[in-house]
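For reference, the structure is listed below as structure tokens.
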Amino acid sequence: MKITIFGSGYVGLVTGTCLAEVGNEVLCVDIDAQKIAKLKQGQIPIYEPGLEDLVLHNLKAGRLSFTTDVAEGVAHGLFQFIAVGTPPGEDGSADLQYVLEVARSIGRHMSEYRVIVNKSTVPVGTADKVKAAVQKELEARRTTVEFDVVSNPEFLKEGAAIDDFMRPDRIIIGTDNPRTTELLRALYAPFNRNHERIIRMDIRSAELTKYAANAMLATKISFMNELSNMAERLGADIEQVRIGIGSDPRIGYHFIYPGVGYGGSCFPKDVKALEHTAQQIGYTAELLRAVEAVNDRQKQTLFHKIDRHFGGNLKGKVIALWGLAFKPNTDDMREAPSRVLMEALWAAGARVRAYDPEAMQETRRIYGDHPGLALCESQDDAVRGADALAIVTEWNTFRSPDFKRLKQTLRDPVIFDGRNLYHPDMVKEAGLNYHSIGRGGQPL
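With the working numbering applied, the sequence shown covers 953 to 1396.
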């Protein structure tokens, strides 16, 4: 099949590459000429395990190509995927300007039947707006071309996106007629062989399903962080509580790890957007507000622990930071807890020596040559000359450090662990002070 993907960011590039991998002819369209030039050379703008090899393989095979020519994209594919960004506005709403501009572009150039697939995360009712935008352009051209709009939300986890696409838990298809249902079934047949993964529903339900999924996962995270703050005050160990409740199959172990809050491009944006949608229909989504408020507060947790340890005087202190990306196996720093911590430390007069296996370039892009930030070559380099160590991202490389060497290196032998990577007794036996999340320590 011939497929056009509008947007060559995270979702668009993964989607296009995986669809090409199973034999389709995929053309990715993006207005960023520099990005397209690099992609044509096999240079990937993001870090995602396995993606670079797949892009290079399909480029070489001729199944994957890139262009800035919108008309070429509209002419190429029966399926026109919209996979552009929907950044949050100041009021928390999803900004649909890029989605609707793609829709207008399709309307301006289409000359035969097209299936327009909303892959971007968009509010309920967006398919109607896309349809209206395309129809308006067709009317301006005084022409009639048949088209359908469907909702096909993505459920990709950063760090595991290739596997999520190739072996999906479910494939949500929101359609309003049997023809587009069958066309999407044919498109996704290679990913649906083992057992039935396609769930067909109406378009508005499909749009809401994406937001509901992310809001549910964010709720689990905030709930556990709320419990962790209580556990600290009660002298309980949240890690034991986690195992106790996770053993209940109705709850499960996924997304119940306490920490320093969620980040990334999805959860923060989607919780805000869903809350905004509730406001628009005259409903007060109190739970969603609480989820967001708990997360915002949790991102301050490590700073408060560090500040308290040093008696409220951080001026001149140097804090080693392990982990900058919002989660492992990505270089994404959007809404990352590390940013909140670093900015709070700088405001208090401290300096940061940081290391992350993948997010160093992104950190440099965001902060430039910030005088309070030293980006280090390794995790060992980061702790040299540091007064304390803070851990924000649970990369595997941080899981088994040499605690005795850390004690000798740190000026003040103390670790602030925002991901509960270590057993407290093991750290303390090495002579280090250890502050983690929700383990019966000092109150926040």
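All residues carry an ideal CB built from backbone N, CA and C; glycine is no exception. The structure displayed is predicted, hence computed values, not measured ones.
> Count the other CB atoms within 10 Å of the CB of K1269; is the residue buried (16 or more) or exposed (fewer)?
Replying inline: What you label residue 1269 is simply residue 317 of the sequence shown in a count that begins at 1. Per the 10 Å Cβ criterion, buried.
> What are the complete alpha helix (DSSP H) segments, minimum 4 residues, inside the region 1069-1147?
Replying inline: 1078-1092, 1113-1118 and 1130-1139
> Who are the near neighbours of V898 in its chain, counting only those whose CB is closer than 7 Å to its CB and skipping five residues on each side?
Replying inline: No answer is possible for residue 898: the residues shown for the chain start at 953 and end at 1396.
> Where does R1303 sit, in a helix, a strand or coil, going by DSSP?
Replying inline: Indexing the sequence shown from 1 puts residue 1303 at position 351. Strand.
> By the 10 Å Cβ neighbour count, where 16 or more other Cβ atoms means buried, how is P1210 classified, buried or exposed?
Replying inline: By 1-based counting over the sequence shown, the position of residue 1210 is 258. With 16 or more other Cβ atoms within 10 Å, it is buried.
> Using CA coordinates, which residue listed in T1282, G1215 and H1206 is at the minimum distance from L1293?
Replying inline: Walking along the sequence shown from the start, residue 1293 turns up at place 341. Measuring from the Cα of L1293, the nearest candidate turns out to be G1215.
> Just to confirm, are A1302 and L1266 a CB contact at a threshold of 8 Å?
Replying inline: Against the sequence shown, residue 1302 aligns to sequence position 350. Against the sequence shown, residue 1266 aligns to sequence position 314. A contact, by the Cβ cut-off of 8 Å.
> Got a sec: does the ligand ATP put a non-hydrogen atom nearer than 7 Å to the Cβ of S960?
Replying inline: With respect to the ligand ATP, the structure offers nothing, as it holds no ligand at all.
> What is the residue span of the alpha helix (DSSP H) that H1387 lies within?
Replying inline: Here residue 1387 corresponds to residue number 435 of the sequence shown, with the count starting at 1. No alpha helix (DSSP H) contains H1387, which is instead part of the beta strand (DSSP E) from N1385 to H1387.
>> Please give me, in chain order, every unbroken run of the alpha helix (DSSP H) with length at least 4 that falls completely inside the region 1162-1227.
In response: 1190-1198
> In terms of residues, what are the limits of the alpha helix (DSSP H) holding L1276?
Replying inline: Mapped onto the sequence shown, residue 1276 falls at position 324. Counting along the chain, L1276 falls outside any alpha helix (DSSP H), and DSSP gives it neither H nor E.
> In chain order, which continuous runs of the alpha helix (DSSP H) of length 4 or greater are located wholly inside the region 1015-1075?
Replying inline: 1022-1028 and 1049-1061
>> Can you tell me whether F1355 is helix, strand or coil according to DSSP?
In response: Numbered from 1 along the sequence shown, position 403 holds the residue referred to as residue 1355. Of the three classes helix, strand and coil, the one that applies to F1355 here is helix, per DSSP.
>> Classify S1072: buried if its beta carbon has 16 or more other beta carbons within 10 angstroms, exposed otherwise.
In response: Counting from 1 along the sequence shown, the entry for residue 1072 is found at position 120. Classification of S1072: buried, given that the 10 Å Cβ count is 16 or more.
> By DSSP, does T1236 sit in helix, in strand, or in coil?
Replying inline: Mapped onto the sequence shown, residue 1236 falls at position 284. Coil.
> Going by alpha carbons, who is nearest to E1024 out of S1063, A1035, A1013 and K987?
Replying inline: By one-based count along the sequence shown, residue 1024 stands at place 72. The shortest Cα separation from E1024 among S1063, A1035, A1013 and K987 belongs to S1063.
>> Nearest by alpha-carbon distance to G1370: which of I1389, G1383 and P1376 is it?
In response: By 1-based counting over the sequence shown, the position of residue 1370 is 418. Nearest of I1389, G1383 and P1376 to G1370, Cα basis: I1389.
> Based on Cα-Cα distance, which residue from Y1205, R1156, S1157 and S1180 lies nearest to L1169?
Replying inline: Counted from its first residue, the sequence shown places residue 1169 at position 217. Nearest C-alpha to L1169: Y1205.
>> Tell me which residues share the same chain as N1144 and place their Cβ nearer than 7 Å to its Cβ, disregarding the 5 neighbours each side in the sequence.
In response: Against the sequence shown, residue 1144 aligns to sequence position 192. The answer, listed in chain order, is I1123 and I1150.
> For V963, does the three-state DSSP call read helix, strand or coil?
Replying inline: Here residue 963 corresponds to residue number 11 of the sequence shown, with the count starting at 1. Helix.
>> So, with DSSP's three-state summary, where would you put M1153?
In response: Position 201 of the sequence shown, counted from the start, is the residue given in the question as residue 1153. In the structure shown, M1153 sits in a strand (DSSP, three-state: E or B).
>> Looking at F1031: is its Cβ nearer than 8 Å to the Cβ of L991?
In response: In the sequence shown, residue 1031 corresponds to position 79, counting from 1. In the sequence shown, residue 991 corresponds to position 39, counting from 1. Against a cut-off of 8 Å, the Cβ pair of L991 and F1031 comes out as no contact.
> According to DSSP, is K1269 helix, strand or coil?
Replying inline: If you number the sequence shown from 1, residue 1269 lands on position 317. Reduced to three states, the DSSP call for K1269 is coil.
> Which one or two residues does DSSP pair with L1341 in a beta bridge?
Replying inline: Residue numbering aside, residue 1341 sits at position 389 when the sequence shown is read from its first letter. A1272 and I1367, per the DSSP bridge assignment.
> Shortest alpha-carbon distance to V1022 belongs to which of V1193, K1251 and L979?
Replying inline: Start at 1 with the first residue of the sequence shown, and residue 1022 comes out as number 70. That would be L979, whose Cα lies nearest to the Cα of V1022.
> Within this structure, are the beta carbons of L1327 and R1336 separated by less than 8 Å?
Replying inline: Taking the first residue of the sequence shown as 1, we reach residue 1327 at position 375. Taking the first residue of the sequence shown as 1, we reach residue 1336 at position 384. No, they are not a contact pair.
>> Assuming the contact rule is C-beta atoms closer than 8 Å, L1108 and V1223 should be a hit. Round their C-beta distance to whole Å, please.
In response: By one-based count along the sequence shown, residue 1108 stands at place 156. By one-based count along the sequence shown, residue 1223 stands at place 271. Incorrect: roughly 18 Å between the Cβ atoms, too far for contact.
> If you draw a straight line from the alpha carbon of G1320 to that of P1365, how long is it in whole angstroms?
Replying inline: What you label residue 1320 is simply residue 368 of the sequence shown in a count that begins at 1. What you label residue 1365 is simply residue 413 of the sequence shown in a count that begins at 1. Spanning the two alpha carbons is a distance of roughly 30 Å.
>> Buried or exposed for S1330, going by 16 or more other Cβ atoms inside 10 Å?
In response: In the sequence shown, the residue the question calls residue 1330 occupies position 378. Result: exposed.
>> I'd like to confirm the pairing. Which residues does DSSP put opposite E977 in its beta bridges?
In response: Numbered from 1 along the sequence shown, position 25 holds the residue referred to as residue 977. Paired residue(s): K954.
> In three-state DSSP terms, what is V1379?
Replying inline: One-based indexing of the sequence shown puts residue 1379 at position 427. Reduced to three states, the DSSP call for V1379 is helix.
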